[in-house]
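First up is the structure itself, then whatever we jot down about it.
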C-alpha cells in the first residue's frame with residue numbers, strides 16, 4: 017500500500033527526472049574586482065569612530081579591551097566552550113560570547129611578554145613568550161640582567177579548569193623562545209599532547225639555558241640553529257611538560273629567491289631620502305641593496321668621534337663632518353662585510369638564518385604545513401616527535417612565509433606572506449598584487465610522494481592608505497559544505513572572506529574594514545587574526561579589542577549554506593590545529609548542495625522540483641519521510657550531467673536523513 021505522500025512524491029519525481037537531465041549553461045563570470053574603485057578605499061580614520069564598510073557580513077558585537085590591556089597589542093585567539101581567549105602583550109584576556117552581540121569580559125590575566133599567542137587543549141591553556149621581558153612568575157617589570165634564570169622565553173602552561181582563575185603550572189624554556197606554537201594531538205597517543213615551538217629570535221646563551229648552542233653550524237647535531245623544538249605535555253601531570261626533541265626540517269634547502277621594493281615603497285623611500293638629504297643626513301649606498309640610504313647612526317657617531325679625537329678635540333666640527341662623508345662608503349662596506357651572517361653578494365639570508373613562523377597541523381591526515389620564513393613546507397607528522405619534510409616551495413614573490421591553511425580534504429594548501437612583518441603598508445596602489453598576498457597550492461602525488469604545485473595568488477581587491485599596516489595574516493576555514501571558503505585577517509586591510517575551491521581562481525565574497533587608526537601617521541591596528549567558531553566570525557583587533565561578525569546571504573553564499581555551516585559545532589578550536597570538518601545530517605545540508613547546483617547553472621525547473629521534494633520530506637516523518645527522501649535521491653541523479661561530484665554529495669546528504677527501519 018502507498019501512502020498519499022508517496023503518491024505525490026512519485027508524481028513529482030516524473031517531472032523532476034524529465035527536467036533535471038538538462039543543465040543550462042553556467043552563468044558568465046562576474047566582472048573582475050577593481051581595487052581602485054573599491055568602497056573600502058579612504059575610509060574615515062579614528063580609533064573608535066573610524067568609518068566602516070561591510071559586504072555580505074554583519075558585525076553583531078564589539079568589545080573594547082579592558083584597562084591595562086587597551087593600547088597594548090592584542091594578538092591571537094583560541095576558543096573553548098563559549099569562551100574566546102585573546103592573546104595580549106600584557107597577558108591573556110578571556111571573553112564570554114554566549115551572546116555574540118554582547119561579549120562579556122571574564123578575566124584579564126596580567127602576564128607580560130610577546131606575542132602571548134594562546135591555544136587550548138581540554139583544561140589546559142598554552143601561551144608563547146619570546147621577548148626578553150617575560151618573567152617566570154608572570155610579574156611585570158621585566159628582567160634587567162643580560163643572563164637570568166628569572167627570564168621566561170618559551171611556552172607557559174596554565175590550568176583553566178576554572179577559567180576565571182587561570183593557574184600557571186609550568187614554564188617550558190626553549191632556546192629561541194616561542195614566537196608562536198602549535199598544539200598537536202596524536203591520534204595514537206591519548207596520554208600526551210605535543211607542542212611545536214616556532215621561535216624566530218636570537219639563540220639564548222647556554223649560561224641562561226643549558227643546551228642552547230648558537231655558535232655551532234646548523235649541520236652540527238648539537239646546534240640550536242634550524243631546529244623546531246618539540247614539547248611533550250603529559251595530560252596526567254602537565255607540570256612535567258618538557259622539550260623532548262629538536263627537529264631539523266631544513267636540511268638541504270637553498271637560499272630562496274627574493275624581490276625588492278614595490279613601486280610604492282620606492283616612492284616613499286625616495287621622498288623620505290630627499291627630506292633627509294636636505295636636512296644634512298649622512299647618505300651613502302647601502303652595501304646590500306646598492307641604493308642610496310641613510311648610513312647607520314652608530315657608524316656615523318663613531319666616525320665623527322674618531323675624526324674629532326684625531327684633532328685632539330671632543331667637539332665635532334663641519335670639517336669633521338666633511339671627513340666622515342668622504343670615508344663613509346668604505347667604512348659602511350667594511351661594517352657590513354664583518355657582520356655575522358651577512359649574505360655573500362647581498363640578498364636574503366639563506367636557510368642558516370631561517371626558522372618557522374607558524375606550523376599548521378592536520379592530525380587526522382598526519383600532515384602539517386610549515387610557513388618557515390623563506391620557504392613553505394609540507395611535513396609528515398605521523399610521528400609527532402620526528403616530523404619529516406615531504407616538499408618545500410620557494411617563491412621570489414614571497415618575502416616572509418608566515419602561516420598555512422589546508423583545505424578540508426587536504427588536497428590543497430594556502431600560505432600567507434607577511435611581507436614587511438605586519439607593521440608596514442603593503443596594500444597601496446603601488447604594491448603588486450602578488451606581494452604580501454596568499455599563495456595557493458594543490459597537493460599532488462608524484463612518484464608516490466606528496467608535492468606542492470603552485471596554482472595562484474590571492475590578495476584583497478582594495479587599496480589601503482600609507483597609514484595602514486596591511487598584509488596577509490591569520491585566518492581559518494568556514495565550514496560551507498562542498499566548498500573551500502576562508503576568512504582571513506589583513507591587519508588594517510580588515511577581514512576578507514574568499515572562496516578558493518577553484519585553486520586557480522580565488523574570489524572574495526564578503527568583507528569588513530575600518531579606516532586607519534590614525535589618519536596622519538602610521539599607527540598599528542587592524543585584525544591580527546580572525547577565525548570562524550560555531551557560527552561566529554571572531555576578530556582580534558590589535559588596537560581596539562574584539563569584533564564578532566556573522567555572514568549574511570548573498571549571491572555568493574545562500575542562507576542554506578550558512579545554516580549548514582552553523583550545524584558544525586566544536587568544543588574547542590586552535591586554528592593552527594585544523595580539525596576535520598564533518599557535517600551532521602540536516603536538511604540545510606541537502607538544501608545547501610541544491611543551492612550550489614543552481615549556482616553552477618543547472619536548469620531552474622530542475623532545481624525547483626528538487627526543492628519541492630526536499631520540502632515534502634522535511635514536513636513528513638517516519639516511513640513517509642523516507643519515501644520522499646528516496647524520491648529526492650532518484651531525482652538528484654538527474655543532475656549528474658551538470659555536476660556529478662555535487663550530485664553525489666547531495667544524494668549522500670539525503671540518504672543520511674532517512675529514519676532507521678523499525
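Residue numbers (the working numbering): 17 to 678. For every residue, glycine included, the Cβ atom is placed at its ideal position computed from N, Cα and C.
Can you tell me whether residue i is buried or exposed? The criterion is at least 16 other CB atoms within 10 Å of its CB, across all chains shown.
i           : result
residue 667 : buried
residue 598 : exposed
residue 89  : buried
residue 306 : exposed
residue 205 : exposed
residue 44  : Because residue 44 carries a pLDDT of 42, less than 50, the predicted location of this residue cannot be relied on, and no value is offered for it.
residue 11  : For the chain, the structure presents residues 17 to 678; residue 11 sits outside this window and is missing.
residue 491 : buried
residue 5   : With the chain represented from 17 up to 678, any question about residue 5 goes unanswered, as that position is not in the structure.
residue 280 : buried
residue 357 : In this predicted model, residue 357 has a pLDDT of only 41, less than 50, meaning its place in the structure is not dependable; the value taken from the coordinates is given anyway. Under this definition residue 357 is an exposed residue.
residue 157 : exposed
residue 163 : exposed
residue 460 : exposed
residue 91  : buried
residue 411 : buried
residue 293 : exposed
Give every residue of the same chain whose Cβ lies closer than 7 Å to the Cβ of residue i, excluding the five residues on either side of it in the sequence, and list them in chain order.
i           : result
residue 55  : 69
residue 79  : 111, 119, 561 and 562
residue 519 : 428, 456, 458, 471 and 472
residue 265 : 244, 386, 393, 395, 403 and 405
residue 438 : 485, 487, 489 and 507
residue 374 : 196, 214, 387, 418, 419, 420 and 592
residue 77  : 116, 117, 118, 119 and 564
residue 579 : 604
residue 316 : 298 and 340
Opposite residue i in the DSSP bridges: which residues?
i           : result
residue 530 : 68
residue 447 : BP columns for residue 447 are empty, so no partner.
residue 504 : 491 and 512
residue 395 : 384 and 405
residue 417 : 389 and 433
residue 212 : 198 and 246
residue 6   : The chain is shown from 17 up to 678; residue 6 falls before or after that span and cannot be answered.
residue 524 : 514
residue 137 : 140
residue 664 : None, per the DSSP bridge assignment.
residue 258 : 248
residue 586 : Partner(s): none; residue 586 has no beta bridge.
residue 474 : 454
residue 335 : None; residue 335 has no bridge partner.
residue 111 : 100 and 121
residue 3   : The requested residue 3 does not occur in the structure, where the chain is confined to residues 17 to 678.
residue 543 : 507 and 557
residue 189 : 170
residue 375 : 386
Less than 8 Å between the CB atoms is what I'm expecting for residue i and residue j, so what's the real figure, rounded?
i           : j           : result
residue 602 : residue 583 : 5 Å
residue 511 : residue 581 : 16 Å between Cβ atoms; not a contact.
residue 621 : residue 655 : Their Cβ separation, rounded to whole angstroms, is 12 Å, which puts residue 621 and residue 655 out of contact at 8 Å.
residue 526 : residue 567 : 6 Å
residue 376 : residue 594 : 6 Å
residue 173 : residue 142 : 6 Å
residue 168 : residue 145 : 5 Å
Any heavy atom of the ligand GDP inside 6 Å of the beta-carbon of residue i?
i          : result
residue 48 : Judged by which ligands are present, the structure shown has none, so any question about the ligand GDP falls away.
Here's a check: name, in chain order, each residue in its chain whose Cβ is nearer than 6 Å to the Cβ of residue i, leaving out the five neighbours to either side.
i           : result
residue 600 : 583
residue 123 : 110 and 180
residue 445 : 479
residue 683 : Outside the displayed range of the chain (17 to 678) lies residue 683, so it cannot be described from this structure.
Report all residues from its chain with a CB closer than 8 Å to the CB of residue i; omit the five preceding and five following residues, and keep chain order.
i           : result
residue 75  : 68, 528, 563, 564 and 565
residue 494 : 501, 502, 503, 513, 548, 553, 567 and 581
residue 207 : 250, 251 and 252
residue 665 : 497, 498 and 609
Query raised in the report: Counting pairs of beta carbons, one from the segment 534-542 and one from the segment 463-479, are three or more of them closer than 8 Å?
Result: The answer is no - the segment 463-479 does not touch the segment 534-542, with fewer than three Cβ pairs under 8 Å.
Query raised in the report: If we count Cβ pairs, one from each stretch, closer than 8 Å, do we get three or more for the segment 212-220 versus the segment 242-253?
Result: Cβ pair count under 8 Å is three or more, so yes.
Query raised in the report: Are at least three pairs of beta-carbons, each pair with one atom in the segment 421-433 and one in the segment 379-396, less than 8 Å apart?
Result: Yes: at least three Cβ pairs fall under 8 Å.
Query raised in the report: Is it a yes or a no for the segment 188-195 touching the segment 246-264, going by three-plus beta-carbon pairs under 8 Å?
Result: They touch, by the three-pair rule.
Report task. Spell out a yes or no on whether the segment 225-234 and the segment 293-306 are touching, meaning 3 or more CB-CB pairs, one atom from each, closer than 8 Å. Result -> Three or more beta-carbon pairs separated by less than 8 Å are not found between the segment 225-234 and the segment 293-306, which leaves the two stretches without contact.
Query raised in the report: At a cut of 8 Å, does the segment 97-109 reach the segment 123-130 through at least three beta carbon pairs?
Result: Result yes; three or more Cβ-Cβ pairs closer than 8 Å.
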